[in-house]
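Engineer: Protein chains in written order, with numbering that gives the first Met the number 0: chain A, 0 to 407; chain B, 0 to 407.
Cβ coordinates follow ideal geometry from the N, Cα and C atoms, glycine included.
Number of protein chains: 2
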Amino acid sequence: MPVNLKPPAAADLLPVAGVALGVAAAGVRKANRRDLLLVRLEEGAAVAGVFTRNRFCAAPVSVCREHLKGGAIRALVVNTGVANAGTGEPGLAAARATCAAAARLVGCAPEQVLPFSTGVIMEPLPLAPIEAGLPACAADLREDNWAAAAEAIMTTDTCPKAASARVRLGGATATVTGIAKGAGMIRPDMATMLGFVATDAAVAPALLERLAREAADASFNCITVDGDTSTNDAFVLIASCRAGNPAIEDAAGEDYAALRRGVIEVAARLAQAIVRDGEGATKFIAIAVEGGRDAAECRAAGYAIAHSPLVKTAFFASDPNLGRILAAIGNAGIGDLDAARVRLWLGDVLVAEGGGRAASYREEDGARVMQQEEITVRVDLGHGAAQATLWTCDLSYDYVRINADYRS
Amino acid sequence: MPVNLKPPAAADLLPVAGVALGVAAAGVRKANRRDLLLVRLEEGAAVAGVFTRNRFCAAPVSVCREHLKGGAIRALVVNTGVANAGTGEPGLAAARATCAAAARLVGCAPEQVLPFSTGVIMEPLPLAPIEAGLPACAADLREDNWAAAAEAIMTTDTCPKAASARVRLGGATATVTGIAKGAGMIRPDMATMLGFVATDAAVAPALLERLAREAADASFNCITVDGDTSTNDAFVLIASCRAGNPAIEDAAGEDYAALRRGVIEVAARLAQAIVRDGEGATKFIAIAVEGGRDAAECRAAGYAIAHSPLVKTAFFASDPNLGRILAAIGNAGIGDLDAARVRLWLGDVLVAEGGGRAASYREEDGARVMQQEEITVRVDLGHGAAQATLWTCDLSYDYVRINADYRS
């Protein structure tokens, strides 16, 4: 059961002019479920992407990087079921063949198509069902089809993830709509396991790349479920340039700031939705670390907490066994951290200071916060002025069940 | 159920001349279980220790470091139930008071006592039951009491851990006997959650320190259960200097090599026992990484595999979902790793090469190895000539149950 997350209502997802989506049940791995998505972009769209840093990156990630260099992207193809990662040269050929099949339907060159895959690693991508399913996707292409698209990219997700926002840009109104998938193998490094955000705003391509990176850093790069960076992480930002705004070319201007807010709002909602639907999650936990020397130090402390199986199981049990959080902070690799200066809060409750339990701390206060479905852990490292926030979930029996059963 | 691990037979544990052990049920946290150990060393013993790098190190770890500087250690006190970590100044005072109480019984200065604690973090150490229990420990002091000592230091351990070896040194025969505890919060950095090894060999103090570090590196520093480095890790090596051998003073000599082999044999058996009794463990997994640029790179790849919850749950399920191992290797932070050069074996079965699944690999071969209780994962990084081996276990429902229930 995801934590305070519901499927988006189709009516709440705003179409983005120039971006049409079509889905099909192609039978890539399982029959009778939507597992193939085609996105068609009108000419003139700008596309930017950030991808996993995993050295075993998937074949489609390599092909995306190649094709993005050429620009003029006209289509995206996404399959679920098989990740096409750890597949060597045959995997690259399969990803390219997918692009060619989509290109024929859209009427563009194969190099103008970006391929994406998600699912089991080190299985060959079955090309035949994808080639056979793409015409059905093409027949289904509609601009108001975001809800179906969100569903068609799910793997162990229990809930589709989508969000929209509106932004005022120099007199015009622009729309931002996005979808994402992911529930396990979630510790995005550059991006997450498939997030797509589109806007109709006109943006210069170089600025769009910057915006993609900034939005990933403020959203997908702030979440973790299990610390495992996927082979297929990809976050793609599309600007169809149809909103009628004067093209945004100045990163210091008001329009860039307004669009940035809108894109980050959508991306952060999608990223948080991934954590809320984290495999086996029963709690949504924000970890706010302040007082670090730099943001990297704050993030290191946050990840040490978020990845500790002992901390995660304590949250699952609603057990305020909070010494485990101190132990995790102590393991964050901050060589000159002074334990006596660290302060820890659970919600509003001061838990630790001066190297140990706060005099004012009462177990029943900690227990009360631990019962909540949404919990904020706040840490002051007492080591500087930087801050960073991460979002994560707990570790439950169901995480083990889901991942022990995943292929069966 | 630990993996191929039984309680040691008391008769198999060789006494070490000059090292007497006594235990008591002091009621530190729970009634009616042995939870306090006193070790008395005759004058002339040399002691070396290596300790956790966790910045929230426990009070007894700080006191041990202090007291070891003075030398001439005459006693060790170990309590289980409460870790005396995250306890600030009052924790340091409690650790020192424990030393004073033991010193009165043994007839030495408080600075000649080393204190150790293990159990719940951020709870105050209850001094009264320890002070009341120590006389019973003193009355129980015997050189053939290692089996009881191994039992008295357990927390979530299901099986006591102890081992002995004999070594020939320049015509004399020396004994090496050790005990350890630990099942969760196990990813020793400098040492593990309480390991004590004693020998009657005569060794120069400076060499003993070197041997303690070398033995920790070859044993406790090669294991991980859950990636959480404890606040209380300590590995102590005692030389009672009673074996009648010429004192070992040359690290290049044969006697040092012989003693080193014996100490590492005992320490590695203890370290592997911790993994076999890892919280919820159903599989014992050796991860042998070769072809790295240096040992640190091999260890980074090994830990990335050993800490991946997805890899660990696949082992629990006996599911050869081995792409997860490739993904973990890709996340090891080896920036210039060439995925196409990496080779992966499960037992004798070549699984992956050339960036993907090996042509010869058959799922039934992987499935056959995954059924075993003891599994070797072998990785060739194709990146150099160094190698390293780690030992770990799987992640099961019981890990979650044990850690969700631990305090209740």
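1. Find out if the Cβ-Cβ distance for the pair F50(B), A233(B) is shorter than 8 Å.
2. Going by DSSP, which residues form a beta bridge with I386(A)?
3. Write down the C-beta distance between L206(A) and I247(A) rounded to the nearest angstrom, noting that I regard them as a contact closer than 8 Å.
4. Who are the Cβ neighbours of M192(A) in its own chain at under 7 Å, not counting the five residues just before and after it?
5. Which one of N53(A), A44(A), C63(A), A108(A) has the shortest CA to CA distance from A300(B)?
6. For R298(A) and N220(A), what's the separation of their Cα atoms in angstroms?
7. Please report whether the beta-carbon of I273(A) lies at a distance below 8 Å from any beta-carbon of chain E.
8. Compute the distance between the beta-carbons of E208(B) and A71(B), then report whether it is under 8 Å.
9. Can you tell me where the beta strand (DSSP E) with A351(B) in it begins and where it stops?
10. For E373(A), write down the residues that DSSP places opposite it in a beta bridge.
11. Could you name the residues of the segment 368-389 of chain B whose beta carbon sits closer than 8 Å to any beta carbon of chain A, in the order they occur along the chain?
12. In the DSSP assignment, what are the bridge partners of D379(B)?
13. For a test of the three-state rule: what should DSSP assign to S407(B), helix, strand or coil?
14. When you compare only the Cα positions, how much space is there between I408(B) and V60(A)?
15. Is any beta-carbon of chain B found at less than 8 Å from that of D276(A)?
16. Measure the beta-carbon distance from A385(A) to A327(A) and round it to whole angstroms, keeping in mind my assumption that it falls under 8 Å.
17. For chain B, find out if any of its Cβ atoms is closer than 8 Å to the Cβ of G80(A); answer yes or no.
18. For the alpha helix (DSSP H) containing K68(A), name the first residue and the last one.
19. For M0(A), does the count of other Cβ atoms within 10 angstroms reach 16, so buried, or fall short, so exposed?
20. In chain order, what residues of the same chain have a beta carbon less than 6 Å from the beta carbon of R342(B), not counting five sequence neighbours either side?
21. Determine, using beta carbons only, whether I267(B) and L236(B) come nearer to each other than 8 Å.
22. Inspect the beta-carbon positions of V18(A) and E142(A) and report whether they are closer than 8 Å.
23. What three-state label does DSSP hand P114(B) in the structure shown?
24. Determine the direct distance from the alpha carbon of A108(B) to that of A102(B), and round the result to whole angstroms.
25. For the beta strand (DSSP E) containing V18(A), list its first residue and its last residue.
26. Would you kindly report the start and end of the unbroken alpha helix (DSSP H) that includes R212(B)?
27. In this structure, does DSSP put N78(A) in helix, strand or coil?
28. Could you tell me the alpha carbon to alpha carbon distance between E392(A) and T154(A), rounded to whole angstroms?
29. Is the beta carbon of H382(B) less than 8 Å from the beta carbon of G261(B)?
30. Determine which residues of the segment 58-86 of chain B have a Cβ less than 7 Å from any Cβ of chain A, and write them out in chain order.
31. Check whether the Cβ of P125(A) lies closer than 8 Å to any Cβ atom in chain B.
32. If the criterion is Cβ atoms closer than 8 Å, does the pair S317(A) and V399(B) meet it?
33. Going by beta carbon distance, what residues of the same chain come within less than 7 Å of S307(B), once the five residues before and after it are set aside?
34. Tell me whether the beta-carbon of G177(A) lies closer than 8 Å to the beta-carbon of L269(A).
35. In terms of alpha-carbon separation, which member of F195(B), I374(B), A256(B) lies closest to A281(B)?
36. Determine whether the beta carbon atoms of L126(A) and V81(A) lie at a separation below 8 Å.
Structural biologist: Reading it off the structure:
1. Within the second sequence, residue 50(B) is the residue found at index 51, counting from 1. Within the second sequence, residue 233(B) is the residue found at index 234, counting from 1. Taking 8 Å as the Cβ cut-off, F50(B) and A233(B) qualify as a contacting pair.
2. In the first sequence, residue 386(A) corresponds to position 387, counting from 1. Inspection of the sequence shows that residue 386(A) is occupied by Gln rather than by Ile. In DSSP, Q386(A) forms a bridge with E289(A).
3. As a first step, residue 206(A) must be located in the first sequence, where it is residue number 207. As a first step, residue 247(A) must be located in the first sequence, where it is residue number 248. So it is a contact: roughly 6 Å between Cβ atoms.
4. Position 193 of the first sequence, counted from the first residue, corresponds to residue 192(A). T117, K180, G181, M184, I185, S229, N231, D232, listed in sequence order.
5. Position 301 of the second sequence holds residue 300(B). Residue N53(A) is the option with its Cα nearest to A300(B).
6. Position 299 of the first sequence, counting from 1, holds the residue named residue 298(A). Position 221 of the first sequence, counting from 1, holds the residue named residue 220(A). Cα to Cα, the separation comes out at about 10 Å.
7. Of the protein chains in this structure, namely A and B, none is chain E.
8. By one-based count along the second sequence, residue 208(B) stands at place 209. By one-based count along the second sequence, residue 71(B) stands at place 72. Cβ distance not < 8 Å, so E208(B) and A71(B) don't count as in contact.
9. Position 352 of the second sequence, counted from the first residue, corresponds to residue 351(B). Looking at the DSSP string, the run of the beta strand (DSSP E) that includes A351(B) is 348-352.
10. Translated into positions along the first sequence, residue 373(A) becomes position 374. The beta-bridge partner set that DSSP reports for E373(A) consists of F283(A).
11. none
12. Taking the second sequence and counting its residues from 1, the one referred to as residue 379(B) is at position 380. Bridge partners of D379(B): E289(B), R342(B).
13. What you label residue 407(B) is simply residue 408 of the second sequence in a count that begins at 1. Only weak support is given to the placement of S407(B): the predicted model assigns it a pLDDT of 48, under 50, and the question is left unresolved by the model.
14. Since the first residue shown for chain B is 0 and the last is 407, residue 408(B) is missing from the structure and cannot be characterised.
15. Taking the first sequence and counting its residues from 1, the one referred to as residue 276(A) is at position 277. Among the CB atoms of chain B, none fall inside 8 Å of the CB of D276(A).
16. By 1-based counting over the first sequence, the position of residue 385(A) is 386. By 1-based counting over the first sequence, the position of residue 327(A) is 328. In fact, because the Cβ distance is near 19 Å, the residues do not count as touching under 8 Å.
17. Along the first sequence, read from residue 1 onward, the residue named residue 80(A) stands at position 81. Chain B has no Cβ within less than 8 Å of the Cβ of G80(A).
18. Numbered from 1 along the first sequence, position 69 holds the residue referred to as residue 68(A). Unbroken alpha helix (DSSP H) run through K68(A): 58-69.
19. Mapped onto the first sequence, residue 0(A) falls at position 1. So M0(A) ends up on the exposed side.
20. Position 343 of the second sequence, counted from the start, is the residue given in the question as residue 342(B). The answer, listed in chain order, is E352, D379.
21. By one-based count along the second sequence, residue 267(B) stands at place 268. By one-based count along the second sequence, residue 236(B) stands at place 237. Reading off the sequence, residue 267(B) comes out as Ala, not Ile. The answer is no: Cβ separation not under 8 Å.
22. One-based indexing of the first sequence puts residue 18(A) at position 19. One-based indexing of the first sequence puts residue 142(A) at position 143. It is a contact, given that the beta carbons lie within the stated cut-off.
23. If you number the second sequence from 1, residue 114(B) lands on position 115. The DSSP-derived three-state label of P114(B) is strand.
24. Here residue 102(B) is taken as the residue at index 103 of the second sequence, counted from 1. Here residue 108(B) is taken as the residue at index 109 of the second sequence, counted from 1. Rounded to whole angstroms, A102(B) to A108(B) spans 6 Å at the Cα level.
25. Numbered from 1 along the first sequence, position 19 holds the residue referred to as residue 18(A). 18-23 is the extent of the beta strand (DSSP E) around V18(A).
26. What you label residue 212(B) is simply residue 213 of the second sequence in a count that begins at 1. Per DSSP, R212(B) belongs to the alpha helix (DSSP H) from 204-216.
27. On the first sequence, position 79 is the one that residue 78(A) refers to. Residue state, collapsed to three classes: strand.
28. Working through the first sequence from its first residue, we reach residue 392(A) at position 393. Working through the first sequence from its first residue, we reach residue 154(A) at position 155. Checking the displayed sequence, the identity of residue 392(A) turns out to be Cys instead of Glu. Whole-angstrom Cα-Cα distance: 18 Å.
29. Position 383 of the second sequence, counting from 1, holds the residue named residue 382(B). Position 262 of the second sequence, counting from 1, holds the residue named residue 261(B). Against a cut-off of 8 Å, the Cβ pair of G261(B) and H382(B) comes out as no contact.
30. A84, G85, T86
31. Against the first sequence, residue 125(A) aligns to sequence position 126. P125(A) does not count as touching chain B.
32. Working through the first sequence from its first residue, we reach residue 317(A) at position 318. Working through the second sequence from its first residue, we reach residue 399(B) at position 400. Not in contact: S317(A) and V399(B) (Cβ atoms no closer than 8 Å).
33. Reading the second sequence from its first residue, position 308 is the one you call residue 307(B). Excluding residues within five positions, the ones whose Cβ falls inside 7 Å are R323, A327.
34. Locating residue 177(A) in the first sequence gives position 178, counting from the first residue. Locating residue 269(A) in the first sequence gives position 270, counting from the first residue. Yes. Within cutoff.
35. One-based indexing of the second sequence puts residue 281(B) at position 282. The sequence as given places Thr at residue 281(B); Ala does not occur at that position. Taking only the C-alpha atoms, the option nearest T281(B) is I374(B).
36. Mapped onto the first sequence, residue 126(A) falls at position 127. Mapped onto the first sequence, residue 81(A) falls at position 82. The answer is no: Cβ separation not under 8 Å.
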